[in-house]
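Structure first, then comments.
There are 2 protein chains.
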Amino acid sequence: MSQLLRLGIAGLGTVGTGVVKIVRQKAPLLTERSGRSIEISAVSARTRDKDRGVNLSSYAWEDDPVALATREDVDVFVELMGGSDGPAKAAVEAALKAGKDVVTANKAMLAHHGQALAALAEAHGAVLRFEAAVAGGIPVIKALTEGLAGNDIERVMGVMNGTCNYILTRMEDGGLTYDEAFAEADALGFLEADPQLDVGGIDAGHKLSLLSSIAFGTQVNFDAVELEGIGSVTIEDIRQAADMGFRIKLLGVARMTGRGLEQSMAPCLVPANSPLGQLQGGTNMVVIEGDQVGQIVMRGAGAGEGPTASAVMGDVMDVARGLRVSTFGRPAASLVEAVPARASTPAPYYLRMTLADKPGALAKVATALGEAGVSINRMRQYGHNDDSAPVLIVTHKTTRNALDQALAAMEATGVVITAPVALRIEEV
Amino acid sequence: MSQLLRLGIAGLGTVGTGVVKIVRQKAPLLTERSGRSIEISAVSARTRDKDRGVNLSSYAWEDDPVALATREDVDVFVELMGGSDGPAKAAVEAALKAGKDVVTANKAMLAHHGQALAALAEAHGAVLRFEAAVAGGIPVIKALTEGLAGNDIERVMGVMNGTCNYILTRMEDGGLTYDEAFAEADALGFLEADPQLDVGGIDAGHKLSLLSSIAFGTQVNFDAVELEGIGSVTIEDIRQAADMGFRIKLLGVARMTGRGLEQSMAPCLVPANSPLGQLQGGTNMVVIEGDQVGQIVMRGAGAGEGPTASAVMGDVMDVARGLRVSTFGRPAASLVEAVPARASTPAPYYLRMTLADKPGALAKVATALGEAGVSINRMRQYGHNDDSAPVLIVTHKTTRNALDQALAAMEATGVVITAPVALRIEEV
Numbered sequence: 001m002s003q004l005l006r007l008g009i010a011g012l013g014t015v016g017t018g019v020v021k022i023v024r025q026k027a028p029l030l031t032e033r034s035g036r037s038i039e040i041s042a043v044s045a046r047t048r049d050k051d052r053g054v055n056l057s058s059y060a061w062e063d064d065p066v067a068l069a070t071r072e073d074v075d076v077f078v079e080l081m082g083g084s085d086g087p088a089k090a091a092v093e094a095a096l097k098a099g100k101d102v103v104t105a106n107k108a109m110l111a112h113h114g115q116a117l118a119a120l121a122e123a124h125g126a127v128l129r130f131e132a133a134v135a136g137g138i139p140v141i142k143a144l145t146e147g148l149a150g151n152d153i154e155r156v157m158g159v160m161n162g163t164c165n166y167i168l169t170r171m172e173d174g175g176l177t178y179d180e181a182f183a184e185a186d187a188l189g190f191l192e193a194d195p196q197l198d199v200g201g202i203d204a205g206h207k208l209s210l211l212s213s214i215a216f217g218t219q220v221n222f223d224a225v226e227l228e229g230i231g232s233v234t235i236e237d238i239r240q241a242a243d244m245g246f247r248i249k250l251l252g253v254a255r256m257t258g259r260g261l262e263q264s265m266a267p268c269l270v271p272a273n274s275p276l277g278q279l280q281g282g283t284n285m286v287v288i289e290g291d292q293v294g295q296i297v298m299r300g301a302g303a304g305e306g307p308t309a310s311a312v313m314g315d316v317m318d319v320a321r322g323l324r325v326s327t328f329g330r331p332a333a334s335l336v337e338a339v340p341a342r343a344s345t346p347a348p349y350y351l352r353m354t355l356a357d358k359p360g361a362l363a364k365v366a367t368a369l370g371e372a373g374v375s376i377n378r379m380r381q382y383g384h385n386d387d388s389a390p391v392l393i394v395t396h397k398t399t400r401n402a403l404d405q406a407l408a409a410m411e412a413t414g415v416v417i418t419a420p421v422a423l424r425i426e427e428v
Numbered sequence: 001m002s003q004l005l006r007l008g009i010a011g012l013g014t015v016g017t018g019v020v021k022i023v024r025q026k027a028p029l030l031t032e033r034s035g036r037s038i039e040i041s042a043v044s045a046r047t048r049d050k051d052r053g054v055n056l057s058s059y060a061w062e063d064d065p066v067a068l069a070t071r072e073d074v075d076v077f078v079e080l081m082g083g084s085d086g087p088a089k090a091a092v093e094a095a096l097k098a099g100k101d102v103v104t105a106n107k108a109m110l111a112h113h114g115q116a117l118a119a120l121a122e123a124h125g126a127v128l129r130f131e132a133a134v135a136g137g138i139p140v141i142k143a144l145t146e147g148l149a150g151n152d153i154e155r156v157m158g159v160m161n162g163t164c165n166y167i168l169t170r171m172e173d174g175g176l177t178y179d180e181a182f183a184e185a186d187a188l189g190f191l192e193a194d195p196q197l198d199v200g201g202i203d204a205g206h207k208l209s210l211l212s213s214i215a216f217g218t219q220v221n222f223d224a225v226e227l228e229g230i231g232s233v234t235i236e237d238i239r240q241a242a243d244m245g246f247r248i249k250l251l252g253v254a255r256m257t258g259r260g261l262e263q264s265m266a267p268c269l270v271p272a273n274s275p276l277g278q279l280q281g282g283t284n285m286v287v288i289e290g291d292q293v294g295q296i297v298m299r300g301a302g303a304g305e306g307p308t309a310s311a312v313m314g315d316v317m318d319v320a321r322g323l324r325v326s327t328f329g330r331p332a333a334s335l336v337e338a339v340p341a342r343a344s345t346p347a348p349y350y351l352r353m354t355l356a357d358k359p360g361a362l363a364k365v366a367t368a369l370g371e372a373g374v375s376i377n378r379m380r381q382y383g384h385n386d387d388s389a390p391v392l393i394v395t396h397k398t399t400r401n402a403l404d405q406a407l408a409a410m411e412a413t414g415v416v417i418t419a420p421v422a423l424r425i426e427e428v
């Protein structure tokens, strides 16, 4: 190992700039901790002439990230451009093919191409690390891949989209409607250019698919993540949930079952007094359950310059120290193609619907549930002033299949005016 | 690197047995994840003939752990005997001198001899890892040493003695006195042979001193940890704290200040709605604050066979994967001898005392505080039936020195019947 470790950084947005700052300002500390000098050889971004608040004049400039990735004087290619394909992927591939180690924060790229990139890295004796891609500054990839490597992992859960958690928290605390909270998040600049990445659960789903792969030794399969955004959650749901001692979170859950790998990212009810339930605002949380360790909870900032740059630097320091762990914790060739299974581990469900205010309507709904084998834990019908009655039902534990059967039978009765909202109550 | 990694395990109590079980039961998984076969060559314990619920017949037996540590067929010496000196230290030293890597769960040994052992390891090209020594199954050593290596650490806090947290939780939830809760913990087998290790804060203090070393690049200095046990906490304190929105925890806090390194392990008040405040029963929590990452919270089981064995195996897997990080995250020779500073970062304090029921008693106490520059946030005097009046005071932020001055002045007034209890309110 040379005493010097030279970085090439592609992408100089918030995170890239944060990484440059750390490398410049903490050089002695980084050297003391890693035993090596960490320097930046070259950088690349879409726009060269822009004041980024950091002096880049001593680094070579490349317009083309692929050229940057393959430079002689770059040992580690740090990819902070984003985008699942295009220049980011081309540059990462070029770096790996040149045998250079890669550190990336690109969840979308890994969610879609993780298997191929992991195989490419191994074929060229390079490592590919991505702590910053999941849950910002929380060192969860490291915990799962390394610290808990003696465990069979049983379940991984996470609240990993700060924007969604912010919106849900504002609905609960501020009494805002979904639209109002969404507008507030937008005004604060919390939303991605395509808001569906956030509120549709796509961004968080990308992260969950990466955690699943490490946890269960399976090939990343983002397409098999059941995605449900938070757009259908109403302030009424949040109030009802709170009234019963729950909070609603956009919760990712991955577990390996006899039927296959369940991966879901959907609004769920969790106990208000659990660590997940108590998570407020933009903070992220990941819960890992192993057969030996029991439950490990990790909480921290899920985004932002400092936290994300911290995660990138953790990976850089690992490379500097000579850590050579496979991308997803075991060789790419040994990652199995998991059978995707619909999330159907039995759970209680929260149902909200509006019924026609006719005699027998509630009985029809109850019958539909009973005939599907779904038993009712509690039911409430609310006072109303028109001809539609809001009804809320909490079931006992049931499978998703039985529930879907019940929901279909309810629709068929003709008394259900708005399609029922069904949210899982996750035991945490 | 040989394909085979051979362990010698000294100490076959709960944790040692747990490690044996994992190595036996998860061999394929461990190999897949590390690329190597992990096997046990030999074991050692005080008593050979004892049913430990696991088949040890295929392993060589050594009565002497030093002999075990230096066997030809041992690559990694796993020390799970405990005790700061004696056989554990002798065997670890022998292993390191023989160039063998060491994995240990021995917080007392490292708290007292960490610096010398780290230097010894480096002198012989060996690694010494101790994830299991701090906070059981929580991979906090890894997070602090590796994942957050790009940060200047600002503060480390932890609730790291499950027994103390159990006692405090039972006092709060069950309305037990300290003595009753202590007896209950004892009956459940939660206490060490010498209970002062738990309730005196020594065990948790050992752990804090190890975290400090990594966080601040300082030589382990357990003797400089200000220790205060939970024995002085009364049920009245817990009720008063709860009434004001706080919980009392045996909290370790380490921070580097201009005056030197503060390390304290003492009962503190923390906001009831903070992650630390919400921690119930025997669970541990460590909070790390870095200049880049902000606040990271990690929570999990702090003891027990599975969690501790999980941490030991995490270290074993790291060794198997070829990770060679210095014991405390940087070379032993670069760890500085920190100036120990009394924990005196300004904080609000909770004071409880009993005053003589004489006219002007309260005024004298208030004057003593005022003259020391300590200002009062709230004060309560309680109804009483004898000639002593219980009084509770919460101060505004003050230094510990100013507070001590005030406490001394109070004593001098002659109106204070029982020496005041002073608990810091830690901002978390």
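Those sequence lines, one after another, are chains X and R.
Note that the UniProt record's numbering gives residue 419 to position 419 of the first sequence, counting from 1, and the numbers run on in steps of one.
Note that the UniProt record's numbering gives residue 113 to position 113 of the second sequence, counting from 1, and the numbers run on in steps of one.
Note that CB positions come from ideal geometry on N, CA and C, so glycine has one too.
According to the DSSP secondary-structure assignment, Ile-393 (chain R) is paired through a beta bridge with R:Leu-351, R:Met-379.
For the pair Val-421 (chain X) and Asp-237 (chain X), the CB atoms are nearer than the 8 Å cut-off.
Per DSSP, the unbroken alpha helix (DSSP H) holding Ile-238 (chain X) starts and ends at 235–243. When Cβ-Cβ separations below 8 Å define contact, Gln-292 (chain X) makes contact with chain R.
The continuous alpha helix (DSSP H) containing Asn-165 (chain R) extends over residues 162–174. Going by DSSP, Arg-24 (chain X) is part of the alpha helix (DSSP H) stretching over 14–25. Just so you know, the alpha carbons of Glu-427 (chain X) and Pro-271 (chain X) end up roughly 8 Å apart. Nearest to Val-103 (chain R) by C-alpha distance, out of R:Ala-343, R:Met-313, R:Ala-409, is R:Met-313. Judged by their CB atoms, Gly-252 (chain R) and Ile-296 (chain X) are not nearer to each other than the 8 Å cut-off.
At a Cβ-Cβ threshold of 8 Å, Gly-86 (chain R) and Ser-41 (chain R) do not count as neighbours. Here Ala-332 (chain X) is not near Ala-105 (chain X), since their CB atoms are 8 Å or more apart. Using a Cβ-Cβ cut-off of 7 Å, Ser-310 (chain R) is close to Leu-148, Gly-150, Asn-151, Gly-290, Gln-292, Val-293 of chain X, given in chain order. Between Val-225 (chain R) and Gln-196 (chain R) the beta-carbon gap is near 14 Å, outside 8 Å, which marks them as no contact.
Within chain R, the residues whose beta carbon sits less than 8 Å from that of Pro-139 (chain X) are Lys-142, Ala-143, Glu-146, Gly-147, Leu-148, Ile-296, listed in sequence order. Exclusion of the five residues before and after Gly-150 (chain X) leaves Gln-292 as the residues of its chain whose Cβ lies within less than 7 Å of its Cβ. Against Gly-329 (chain X), the close residues of chain R are Arg-33, in the order they occur along the chain (beta-carbon pairs closer than 8 Å). The alpha-carbon separation between Thr-163 (chain R) and Ile-248 (chain R) amounts to approximately 14 Å. Listed along chain X are Gln-292, Val-293, Gly-294, each with a C-beta nearer than 8 Å to that of Pro-307 (chain R). Think of a sphere of 8 Å around the beta carbon of Gln-278 (chain R): the chain X residues whose beta carbon falls inside it are Asn-273, Pro-275, Gln-278, in chain order. About 32 Å separates the CB atoms of Ile-425 (chain X) and Phe-130 (chain X); that is not less than 8 Å, and the two are not in contact. Fewer than three Cβ pairs drawn from the stretch 162–176 of chain X and the stretch 156–172 of chain R lie within less than 8 Å of each other, which leaves the two stretches out of contact. For the 8 Å CB-CB criterion, Ala-341 (chain R) and Leu-261 (chain R) form a contact. The CB of Ile-22 (chain X) comes closer than 9 Å to the CB of Gly-150, Asn-151, Gln-292 in chain R, given here in chain order. Your pair Gly-147 (chain R) and Pro-139 (chain X) checks out as a contact, with CB atoms roughly 3 Å apart and the cut at 8 Å. For Leu-211 (chain R), the enclosing alpha helix (DSSP H) covers residues 202–216. In the DSSP annotation of this structure, the continuous segment of the alpha helix (DSSP H) that includes Ala-187 (chain X) starts and ends at 178–187.
Taking C-beta atoms as the reference points, Tyr-59 (chain R) and Val-43 (chain R) count as a pair closer than 8 Å. Counting every other CB atom within 10 Å of its CB across the protein chains shown gives Asp-315 (chain R) a total of 16 or more, marking it as buried. Around the beta carbon of Ser-57 (chain R), a 10 Å sphere encloses fewer than 16 other beta carbons of the protein chains shown; the residue is thus reported as exposed. Annotation: the continuous alpha helix (DSSP H) that includes Gln-405 (chain R) extends over 400–413. Residues of the same chain with a CB within less than 6 Å of the CB of Ala-108 (chain R), apart from the 5 flanking positions on each side, are Ser-84, His-206 in chain order. Note that the C-beta distance between Leu-4 (chain R) and Glu-32 (chain R) is not below 8 Å. Straight-line spacing of the CA atoms in Asp-73 (chain X) and Leu-96 (chain X) works out to 15 Å. Of all residues in the stretch 311–325 of chain X, those with a C-beta nearer than 7 Å to a C-beta of chain R are Met-313, Gly-314, Met-317, Asp-318, Arg-321, Gly-322, Leu-323, Arg-324, Val-325, reading in chain order. Taken atom to atom, the span from the alpha-carbon of His-396 (chain X) to that of Asp-203 (chain R) is near 44 Å. The three-state secondary structure of Ala-301 (chain X), taken from DSSP, is strand.
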